[in-house]
Amino acid sequence: MGKRRRVAERKKVRPGVLGGAAVAVVCGVGFAAYALAGESGGGTDGKPVPSGPPTAAEVRTTARGFLAAWAAGDVDRAAALTDDRAAAEAALTSYRKDAHVTKVRLTPGTPAAPRSPKVPFKAAATVSYEGTGKGRAAVRKSYAYDSALTVVRRKADGRTLVAWRPSVVHPELRPGDRLVTGEAGDPPIKALDREGNALTPARYPSLGTVIDGLRAKYGKKAGGTGGIELRVVRKDARDAARTKSKSDDAKVTPDKTLLTLAPGTPGTLRTTISPKAQAVAERQTAKRKRASVVVVKPSTGEILAVANSEPGGFNTALQGSLAPGSTMKVITASMLLEKKLAAVDKKHPCPKYETYGGWKFQNDNKFQIKNGTFRTSFGRSCNTAFISQAEKLSNDDLTNQARDVFGLGNDNWSVGVPSFDGAVPVQSHAQMAASLIGQGGVRMNPLNMASVAATVKSGTFRQPYLVSPDLDKRKLATAARRMSPSTLSDLRELMHHTAVAGTAAKAMSGLGPDTGAKTGSAEVDNQKKPNGWFTAYRGDVAAAAVVQAGGHGGEAAGPVVRAVLLAGS
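Residue 1655 in our numbering is what sits at position 384 of the sequence shown, and the numbering runs on without skipping anything.
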């Protein structure tokens, strides 16, 4: 064994075999040394079982042993060095069999901190495709990417192992996803903005997932032909395709192309995106953490911009499911106005506290308004002014208002890419009261709340969309009814007052007379600051933004909405 160890150390790189091709791991010492090291880390032969976080030496030894085994094609050995052997074995086998990855080189990096259990590493390999006998020639291409693993200690025997996650194989993988190399199921598309310019993730990072979604839905309809690609095949996309459920589709992250081995011919697809509004939305969200924004055109429903601070992650702007806080009061106020439970300049209670269903509700900083009107309460976002009316409402009143007037919660929007249409479930007691102020079970995203502002501006719900329904003759969602002219006029008055003299005044300053806005702060369990919301319209542009853990909506999300309203106009 001593001789083998010396040979390994001298060579630095130990070759192995993966699918008939040479592979290597660059670890500073060879595979043979780490084949034994991986077995250490604690035992039960009368010796104390190690406990506590892994030491730096254990992290280094375990990580390099796993990478060495993986690179050498020893799937059994690599899987045995993880805390989920079956899942790791399946993923590493698929890496070779389905993704056709060969000539693998894995180079461990240095943890960010001396005692950090997380080890970054670089992967470099060759991706191959041998053709199908249909005139396709064999193709090969180099591919490199960065990933990371985490070392943990197993409690039972103290052994240090790699904490298994699909992202170890590739950072884009989530549970149930697969890497596949082959003929693309959906031809590529060349997405265009409303002016005919090309939309690319390089120019507009937030549109990467949007373009992936457009390709999944319209790739074949746009007239392109597929190429050969290494791609992430999403589990949720397969599930939605199998069940054909709109609720499943709302949770979908589209398949993602990682490497093009042989290009296809893209089809052309025009969208409703405004290049100016999109550019501003990108800049605004990039300056903040966990910010998302959507801009729509009230007169048509066209989506002018979509952006997220984390453009490669989950598309919160279109698919998020978050409590909207006091922006929900736009919908609640429309209901109270229709039911004659409030009037713009009629006195309306706004005490420090209001109790309903056993819960004690309060206003921000426990403020109160004495002898105030509903206009004042709406403008200052008084929670108790809305909670005080709960006892006069039925459990399904808010649900019906959101569905029938604002088109929310019907699970029937057809935007052009996966989206969540909002949820206002029927609730009772304290949860029903909490829903009135955008808490409880109410869930929205910036797309939904931009649509709410657009509905107030235009007077009728128009389902937002990214691709014209004329392309595929799909039917857009509609609302059952419109607000009465008097209710609509009063609601616009409330939102305009908020924009010029209420909690939204700073963000909306100087934007002119044809404006309306509403701020919101949504409390989240185990989060120090609330999610900050802001929705508003100016002329024929409406927008909504959320900054998660950003604090008050006027300060956190207000500047984002102000900027995109100016750009959209």
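The beta carbon of each residue, even a glycine, is placed where N, CA and C say it ideally should be.
Given the structure is predicted, the values throughout are model-derived calculations rather than measurements.
{"Item": "Within-7 Å CB hit, residue 1361 to chain C", "Value": "Structure shown: chain C not included; a single protein chain is present."}
{"Item": "Under 7 Å between C-beta atoms of residue 1604 and residue 1765", "Value": "yes"}
{"Item": "Contacting residues, own chain, Cβ-Cβ under 8 Å from residue 1492 (five flanking each side not counted)", "Value": "1538, 1742, 1743"}
{"Item": "Environment of residue 1488 [buried if 16+ CB atoms lie within 10 Å]", "Value": "buried"}
{"Item": "Segment limits, beta strand (DSSP E) that includes residue 1630", "Value": "1630 to 1633"}
{"Item": "Neighbour-count burial assignment, residue 1624, 16 or more Cβ in a 10 Å radius", "Value": "exposed"}
{"Item": "Cβ-Cβ separation, residue 1619 to residue 1644 (assumed contact under 8 Å), whole Å", "Value": "6 Å"}
{"Item": "For residue 1417: DSSP bridge partner residues", "Value": "1393"}
{"Item": "Rounded separation between residue 1697 and residue 1723 - CA only", "Value": "19 Å"}
{"Item": "Other residues of its chain near residue 1651: CB distance less than 7 Å, five sequence neighbours each side excluded", "Value": "1640, 1773, 1774"}
{"Item": "Which listed residue (1664, 1733, 1706) has its alpha carbon closest to that of residue 1683", "Value": "1733"}
{"Item": "According to DSSP, residues forming a beta bridge with residue 1782", "Value": "Paired residues: none, contrary to the question."}
{"Item": "Pick from 1543, 1671, 1633, 1557 that is closest to residue 1736, judged by C-alpha positions", "Value": "1543"}
{"Item": "Which listed residue (1678, 1691, 1630, 1615) has its alpha carbon closest to that of residue 1647", "Value": "1615"}
{"Item": "Beta-carbon proximity of residue 1693 to residue 1666, cut-off 7 Å", "Value": "no"}
{"Item": "Buried or exposed by the 16-neighbour rule on C-beta atoms within 10 Å, applied to residue 1319", "Value": "exposed"}
{"Item": "Buried or exposed (CB count within 10 angstroms, at least 16 for buried), residue 1746", "Value": "exposed"}
{"Item": "CB contact flag (residue 1563, residue 1594, <7 Å)", "Value": "no"}
{"Item": "Unbroken beta strand (DSSP E) run spanning residue 1372, endpoints", "Value": "1372 to 1379"}
{"Item": "Selected residue, minimal CA-CA separation from residue 1380, among 1740, 1332, 1373, 1401", "Value": "1332"}
{"Item": "For residue 1323, the three-state DSSP class (helix, strand or coil)", "Value": "coil"}
{"Item": "Residue 1839 and residue 1822 closer than 7 Å at C-beta", "Value": "no"}
{"Item": "Nearest residue (CA-CA) to residue 1689, options 1494, 1592, 1547, 1806", "Value": "1592"}
{"Item": "Reference residue 1609, options 1621, 1451, 1752, closest by Cα", "Value": "1752"}
{"Item": "Cβ pair count under 8 Å reaching 3, the stretch 1651 to 1660 against the stretch 1702 to 1710", "Value": "yes"}
{"Item": "Helix, strand or coil at residue 1814 [DSSP, three-state]", "Value": "strand"}
{"Item": "Check whether residue 1717 and residue 1816 have beta carbons under 7 Å apart", "Value": "yes"}
{"Item": "Contained beta strand (DSSP E) runs [length at least 3] in the stretch 1756 to 1801, N- to C-terminal order", "Value": "1786 to 1793"}
{"Item": "Proximity of residue 1378 and residue 1432 at Cβ, strictly below 7 Å", "Value": "no"}
{"Item": "Every unbroken alpha helix (DSSP H) inside the stretch 1518 to 1575 [4 residues or more]", "Value": "1546 to 1557"}
{"Item": "CA-to-CA distance, residue 1500 to residue 1531, given in whole angstroms", "Value": "4 Å"}
{"Item": "Residue of 1700, 1638, 1797, 1808 minimising C-alpha distance to residue 1763", "Value": "1808"}
{"Item": "Residue span of the beta strand (DSSP E) that contains residue 1838, given as start and end", "Value": "Note, residue 1838: premise wrong, no beta strand (DSSP E); alpha helix (DSSP H) at 1829 to 1839."}
{"Item": "Burial state of residue 1559 (16 or more Cβ within 10 Å)", "Value": "buried"}
{"Item": "Cβ-Cβ separation, residue 1711 to residue 1600 (assumed contact under 8 Å), whole Å", "Value": "About 13 Å separates the two Cβ atoms, so there is no contact after all."}
{"Item": "Residue 1824 versus residue 1727: straight-line alpha-carbon distance, rounded", "Value": "20 Å"}
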